[in-house]
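Engineer:
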Amino acid sequence: MSAQAQMRAMLDQLMGTGRDGDTMRQRIKFTDERVCKSHLLESCPHDILSGTRMDLGECLKVHDLALRADYEIASKHQEYFFELDAAEHLQSFIADCDRRTEMAKKRLAETQEEISAEVAAKAERVHELNEEIGKLLARAEQLGGEGNVEEAQQLLEKVEKTRALKKEAEDIYRNSMPASSFQQQKLRVCEVCSAYLGLHDNDRRLADHFGGKLHLGFIEIREKLEKLRKAVTEKQERMRMRRREERDREERAEREREWEMERERERERERERERERERERERERDLLKTTLSLSLSLSLSLSLRSSHTREQEHTVSQERWREYPGEDRWRDDGRRDVERELGERERSPPSSPETGRLRGIERSVSLERENRSSSEERESGEI
1 MSAQAQMRAM
11 LDQLMGTGRD
21 GDTMRQRIKF
31 TDERVCKSHL
41 LESCPHDILS
51 GTRMDLGECL
61 KVHDLALRAD
71 YEIASKHQEY
81 FFELDAAEHL
91 QSFIADCDRR
101 TEMAKKRLAE
111 TQEEISAEVA
121 AKAERVHELN
131 EEIGKLLARA
141 EQLGGEGNVE
151 EAQQLLEKVE
161 KTRALKKEAE
171 DIYRNSMPAS
181 SFQQQKLRVC
191 EVCSAYLGLH
201 DNDRRLADHF
211 GGKLHLGFIE
221 IREKLEKLRK
231 AVTEKQERMR
241 MRRREERDRE
251 ERAEREREWE
261 MERERERERE
271 RERERERERE
281 RERERDLLKT
291 TLSLSLSLSL
301 SLSLRSSHTR
311 EQEHTVSQER
321 WREYPGEDRW
331 RDDGRRDVER
341 ELGERERSPP
351 SSPETGRLRG
361 IERSVSLERE
371 NRSSSEERES
381 GEI
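Each residue of the sequence shown is one higher than the one before, starting from 1 at the first, in UniProt numbering.
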């Protein structure tokens with residue numbers, strides 16, 4: 001890549017697709033299905049393993065640093081959950097790598113000479129020390145290149161101690177099997193990148209492997225996969241918490257609405273009871289007015305009738321007195337009978353339809369009062 005192309009890529013990565021007002025590049029968004037989501041998260045295996053022995057070639061999806069910049073800006077304000085897509089992509093790639101590792105182990109088991117479990121454990125110990133030496137040397141070279149001379153020197157001292165342990169482990173392994181078998185190259189499959197490692201590889205070969213781009217690339221892919229899984233788990237947990245909070249808010253709002261509706265229904269019932277009591281009082285007032293009116297009418301009628309009856313009786317007695325003046329006893333007895341009859345009539349009013357109606361109204365009024373008092377007692381008991 002020329003210097004101009006590198007500068008253009010750096011500007012794209014910093015400023016996004018619209019840095020020069022180029023509308024053609026803005027036609028495709030980072031949310032498009034054609035865009036590689038692993039590339040947006042800097043975890044695409046096609047980029048990481050580029051230039052290695054396991055170069056995967058160009059990715060089938062769009063890789064654009066400007067789109068990555070657009071995504072980084074937009075992701076600060078909204079969740080897109082591209083981590084899930086990228087994690088699935090890397091998981092598929094790592095699963096293929098693990099299958100190749102298992103197949104390589106099976107081929108070695110078929111081709112190499114069978115050894116006992118004790119000898120295999122001793123050989124495994126030599127392999128582990130070789131791996132540790134290679135990792136320490138690769139790390140020391142990296143620190144030396146970064147200028148951390150003291151830390152690099154400390155790692156080299158640790159390498160010397162590990163070499164001494166390796167020599168002891170090799171001697172134990174050599175003494176546990178025939179010399180002819182020991183001279184055969186014992187291979188082992190790297191658990192990270194599925195490459196073959198020899199039991200007798202020198203330190204330079206081990207350092208080149210563990211510090212090589214292929215091995216480090218697989219380590220980076222596995223580390224990114226773990227980070228993506230963790231990010232997905234955290235975001236899913238946040239989403240669950242957010243949904244739970246929203247659900248709790250909705251339930252609280254629903255309970256408040258139900259409570260308010262119940263209060264409104266109770267107020268409506270109270271208003272209805274008040275209206276019913278008002279109607280009852282109105283009926284009672286009307287009934288009382290009717291009763292009073294009828295009582296007045298009946299009293300007036302009875303008083304008029306009583307006065308008319310007395311006048312008639314007085315006239316009859318006078319006529320009898322004039323007709324039978326000599327019969328004093330009969331007159332006295334007749335006068336007493338008339339006076340007794342008049343007294344009884346005055347004390348007990350005559351039975352008439354008006355009197356029966358008045359008594360019926362009075363009984364109705366008393367019955368209504370009793371019913372109203374009992375209903376009010378029941379309502380107070382329910383409340």
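Glycine included, each C-beta is placed from N, C-alpha and C at the ideal position.
Compute the beta-carbon to beta-carbon distance between Gln95 and Leu41, rounded to the nearest angstrom, for a pair I have assumed lies under 8 Å.
Structural biologist: As written in the sequence, residue 95 is Ala, which differs from the Gln given in the question. Wrong, their Cβ atoms sit about 19 Å apart, outside the cutoff.
Engineer: Under the three-state reduction of DSSP, which class applies to Arg34: helix, strand or coil?
Structural biologist: Residue state, collapsed to three classes: coil.
Engineer: If you draw a straight line from the C-alpha of Leu225 to the C-alpha of Thr233, how long is it?
Structural biologist: About 12 Å.
Engineer: Let me know if Gly134 comes out buried or exposed under the rule of 16 or more other beta-carbons within 10 Å of its beta-carbon.
Structural biologist: Per the 10 Å Cβ criterion, buried.
Engineer: Check Gly211 in the structure and name its three-state DSSP category.
Structural biologist: Three-state result, Gly211: coil.
Engineer: Pull up the distance between the alpha-carbon of Glu276 and that of Met261, whole angstroms please.
Structural biologist: Each residue's alpha carbon lies about 22 Å from the other.
Engineer: So Cys36 and Lys61 are in contact, right, with Cβ under 8 Å, and what is the actual spacing, rounded?
Structural biologist: Indeed they touch by this definition, with Cβ atoms about 4 Å apart.
Engineer: Excluding the 5 residues flanking Leu129 on each side, which residues of the same chain have their C-beta closer than 7 Å to its C-beta?
Structural biologist: Result list for Leu129: Thr162, Leu165, Lys166 and Ala169, in chain order.
Engineer: Strictly by DSSP, which residues pair up with Arg188?
Structural biologist: According to DSSP, Arg188 bridges with Leu197.
Engineer: Give a yes or no on whether the C-beta atoms belonging to Arg174 and Leu155 are separated by under 8 Å.
Structural biologist: No.
Engineer: In this structure, does DSSP put Gln236 in helix, strand or coil?
Structural biologist: Of the three classes helix, strand and coil, the one that applies to Gln236 here is helix, per DSSP.
Engineer: Do Glu72 and Lys235 count as a contact pair if the criterion is CB distance below 8 Å?
Structural biologist: No, they are not a contact pair.
Engineer: So what's Val338 in DSSP terms, helix, strand or just coil?
Structural biologist: The predicted model places Val338 with a pLDDT of 49, which falls under 50 and marks its position as unreliable, so this point remains unresolved.
Engineer: Whose CA, out of Pro45, Ile48 and Leu67, lies closest to the CA of Lys29?
Structural biologist: The option with the nearest alpha carbon to Lys29 is Leu67.
Engineer: How about Leu56 and His63: do their beta carbons lie closer than 8 Å?
Structural biologist: For Leu56 and His63, no; Cβs fall outside 8 Å.
Engineer: How many Å lie between Gly145 and Glu245 at the Cα?
Structural biologist: C-alpha separation (whole angstroms): 52 Å.
Engineer: Using the Cα positions of Asp286 and Glu258, report the straight-line distance between them to the nearest angstrom.
Structural biologist: Distance between the alpha carbons of Asp286 and Glu258: 42 Å.
Engineer: Taking Ile48 as the reference, give the member of Arg107, Ile219 and Val149 with the closest Cα.
Structural biologist: Nearest of Arg107, Ile219 and Val149 to Ile48, Cα basis: Ile219.
Engineer: Using alpha carbons as the reference points, say which of Cys97, Lys186 and Ala109 lies closest to Arg125.
Structural biologist: The shortest Cα separation from Arg125 among Cys97, Lys186 and Ala109 belongs to Lys186.
Engineer: What residue ranges within the region 245-303 form continuous alpha helix (DSSP H) runs of no fewer than 4 residues, ordered along the chain?
Structural biologist: You should have found no qualifying run.
Engineer: Spatial neighbours of Glu79 within its chain, please: CB distance less than 6 Å, with the 5 preceding and 5 following residues excluded, ordered by chain position.
Structural biologist: Around Glu79: no qualifying Cβ.
Engineer: Per the DSSP calculation, Val62 is bridged to which residue(s)?
Structural biologist: Its beta-bridge partners are Val35.
Engineer: Taking buried to mean at least 16 other C-beta atoms within 10 Å of its own C-beta, is Ile221 buried or exposed?
Structural biologist: The residue in question, Ile221, is buried, as its Cβ has 16 or more Cβ neighbours within 10 Å.
Engineer: Decide if the region 99-110 is in contact with the region 188-198; the criterion is three or more beta carbon pairs, one per stretch, under 8 Å apart.
Structural biologist: Yes: at least three Cβ pairs fall under 8 Å.
Engineer: Report buried or exposed for His127, applying the criterion of at least 16 other Cβ atoms within 10 angstroms of its Cβ.
Structural biologist: The residue in question, His127, is buried, as its Cβ has 16 or more Cβ neighbours within 10 Å.
Engineer: Determine the extent of the alpha helix (DSSP H) in which Lys161 is found, giving its start and end residues.
Structural biologist: That run of the alpha helix (DSSP H) goes Val149 to Asn175.
Engineer: Using the Cα positions of Glu282 and Thr290, report the straight-line distance between them to the nearest angstrom.
Structural biologist: Computed Cα separation, rounded: 12 Å.
Engineer: At what residues does the alpha helix (DSSP H) containing Asp47 begin and finish?
Structural biologist: Looking at the DSSP string, the run of the alpha helix (DSSP H) that includes Asp47 is Pro45 to Ile48.
Engineer: Is the CB-CB distance between Asp203 and Leu143 below 8 Å?
Structural biologist: No, the pair does not count as a contact, with Cβ atoms beyond the cut-off.
Engineer: What number of angstroms, rounded off, separates the C-alpha of Glu254 from the C-alpha of Lys227?
Structural biologist: Using only the alpha carbons, I get a separation of about 40 Å.
Engineer: May I ask you to report which of helix, strand or coil DSSP gives Tyr80?
Structural biologist: In this structure, Tyr80 counts as coil in the three-state DSSP scheme.
Engineer: What number of angstroms, rounded off, separates the C-alpha of Leu300 from the C-alpha of Leu292?
Structural biologist: Each residue's Cα considered, the two are about 12 Å apart.
Engineer: Pop quiz: Ala231 and Glu141 are said to be a contact at Cβ under 8 Å. What is the actual Cβ separation, rounded to whole angstroms?
Structural biologist: Ala231 to Glu141, Cβ: 32 Å. No contact.
Engineer: Under three-state DSSP, which class holds Glu141?
Structural biologist: DSSP places Glu141 in helix when its eight states are reduced to three.
Engineer: With DSSP run on the structure shown, which of helix, strand or coil describes Lys29?
Structural biologist: Coil at Lys29, not helix or strand.
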